[in-house]
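Participant: Got a structure here, written out as structure tokens. Questions coming.
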């Protein structure tokens, strides 16, 4: 049986963790683990995790080699690592790992650290405001019998009304930019990208790709870019409609940045995506259309 590491980057999200970690633990199997990467929070995240799960801090931070070009390029930014375990009523034992960062490096960097320090081949990356709804692991893992699968995304529904919001996605180029949105058909199969907030990844392939790219700091488009690069290598990115999570979208980013700054970050990173991944023709069209989009986004 292949083990799974759940990686949860979090920033000032103790309320979300208190609500969602029990649901995460309920879907895991014996010897799976949860790696929570605290991105220099100012709330009670660390103390709550330590008290709730009896975490014990290690004296020496492990120095794990990072792939070339990985972000961050070392584990020097980790201020604390603490370990604990949970034994369920059905005798399942799961490890809990807290990785506390010294400085806030945002979601992509925190996720990369979590994947790097994970113990298992498969990594389930979840936002702190995501809650599993029923079985996830088995239907997601089943796809990895195919060795060219890189990632399998979950079906996401709104936390308050359970309306389907994403999971299977489409990506296209139009008027000088790439656009992405929920696919019209939500049946299982290939998807343009797997969300960084609710998908299972092959850890070895993740590290080979270099994980999320720092170019998209502080947020947006990093997961689209990662899947795009995987697909260019011939790896599959899939959607599994029976694996459902409830998601309270953008709670962290809204509280930190606000609507206007979020829009600006998305616009800037949409341009970064074109320059990094577009063909020569697409880059030329981007230059032609840029004044139009700049005027539209500046409105």
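Numbering (my numbering), first residue to last: 4 to 302. Even for Gly, the Cβ is constructed at its ideal location relative to N, Cα and C.
1. With DSSP collapsed to three states, give me the class of residue 17.
2. Take residue 22 and list the residues in its own chain whose beta-carbon comes closer than 8 Å to its own, dropping the five residues that flank it on each side.
3. Entirely within the stretch 176-221 and at least 4 residues each: give me those alpha helix (DSSP H) ranges in chain order.
4. Tell me where the alpha helix (DSSP H) around residue 290 begins and ends.
5. What does the alpha-carbon distance come out to for the pair residue 127 and residue 210?
6. Which residues in the same chain have their Cβ closer than 6 Å to the Cβ of residue 155, if we skip the five residues on either side of it in sequence?
7. Taking the straight line between their C-alpha atoms, what separation do you get for residue 188 and residue 148?
8. Among 50, 53 and 80, whose alpha-carbon lies nearest the alpha-carbon of residue 64?
9. By DSSP's criteria, residue 172 is part of a beta bridge. Which residues make up the other side?
10. Could you give the distance in angstroms between the alpha-carbon of residue 230 and the alpha-carbon of residue 92?
11. Looking at the strands, I want to know which residues DSSP matches up with residue 125.
12. So is residue 1 buried or exposed if we call it buried at 16+ other beta carbons inside 10 Å?
13. Around the Cβ of residue 164, are there at least 16 other Cβ atoms within 10 angstroms (buried) or fewer (exposed)?
14. When you compare the CB positions of residue 160 and residue 94, do they come within less than 7 Å of one another, or not?
15. Count the other CB atoms, across all protein chains shown, that sit within 10 Å of the CB of residue 169; report buried if there are 16 or more and exposed otherwise.
16. Any beta-carbon of chain D closer than 7 Å to the one on residue 172?
17. Select from 132, 103, 68 and 208 the residue whose C-alpha is nearest the C-alpha of residue 150.
18. Expressed to the nearest angstrom, what Euclidean distance is found between the alpha-carbon atoms of residue 15 and residue 284?
19. Mind checking who residue 166 pairs with in its DSSP beta bridge?
20. Just to confirm, is the Cβ distance from residue 191 to residue 226 under 7 Å?
21. Quick check on DSSP: helix, strand or coil for residue 41?
22. Helix, strand or coil: how does DSSP classify residue 47 here?
23. Below 8 Å, can you find three or more Cβ-Cβ pairs linking the stretch 171-181 to the stretch 108-128?
24. Does the separation of the CB atoms of residue 39 and residue 11 fall below 7 Å?
25. Quick one: which unbroken beta strand (DSSP E) runs of 3-plus residues sit fully inside the stretch 65-128? Chain order, please.
Facilitator: So, from the listed chains and residues:
1. If DSSP states are grouped into helix, strand and coil, residue 17 belongs with the helices.
2. Cβ-Cβ distances below 8 Å link residue 22 to 134 in the same chain, with the five nearest sequence neighbours on each side left out; the list follows chain order.
3. You should have 206-212.
4. That run of the alpha helix (DSSP H) goes 283-300.
5. Their Cα atoms are separated by approximately 14 Å.
6. Within the same chain, residue 155 has close Cβ partners 143, 146, 203, 241 and 243.
7. Cα to Cα, residue 188 sits roughly 24 Å from residue 148.
8. Checking every option, the nearest Cα to that of residue 64 belongs to 80.
9. Beta bridge pairing from DSSP links residue 172 with 185.
10. Rounded to whole angstroms, the separation of the alpha carbons of residue 92 and residue 230 is 38 Å.
11. Bridge partners of residue 125: 7 and 205.
12. Missing from the structure shown is residue 1; the chain here goes from 4 to 302 and no further.
13. With fewer than 16 other Cβ atoms within 10 Å, it is exposed.
14. Between residue 160 and residue 94, the CB-CB gap reaches or exceeds 7 Å.
15. Taking every protein chain shown into account, the CB of residue 169 has 16 or more other CB atoms within 10 angstroms, so this residue is buried.
16. No chain D is present in this structure, which holds just one protein chain.
17. Checking every option, the nearest Cα to that of residue 150 belongs to 208.
18. Taking the CA atoms as reference points, residue 15 sits about 43 Å from residue 284.
19. Paired residue(s): none; residue 166 is not in a bridge.
20. Inclusion of residue 191 and residue 226 in the CB contact set at 7 Å is not warranted, their separation being larger than that value.
21. Reduced to three states, the DSSP call for residue 41 is strand.
22. Coil.
23. No, the stretch 171-181 does not touch the stretch 108-128.
24. Yes, the Cβ-Cβ distance between residue 39 and residue 11 is below 7 Å.
25. Annotation: the stretch 65-128 contains the following complete segments of the beta strand (DSSP E) (minimum length 3 residues), in chain order: 81-90 and 96-104.
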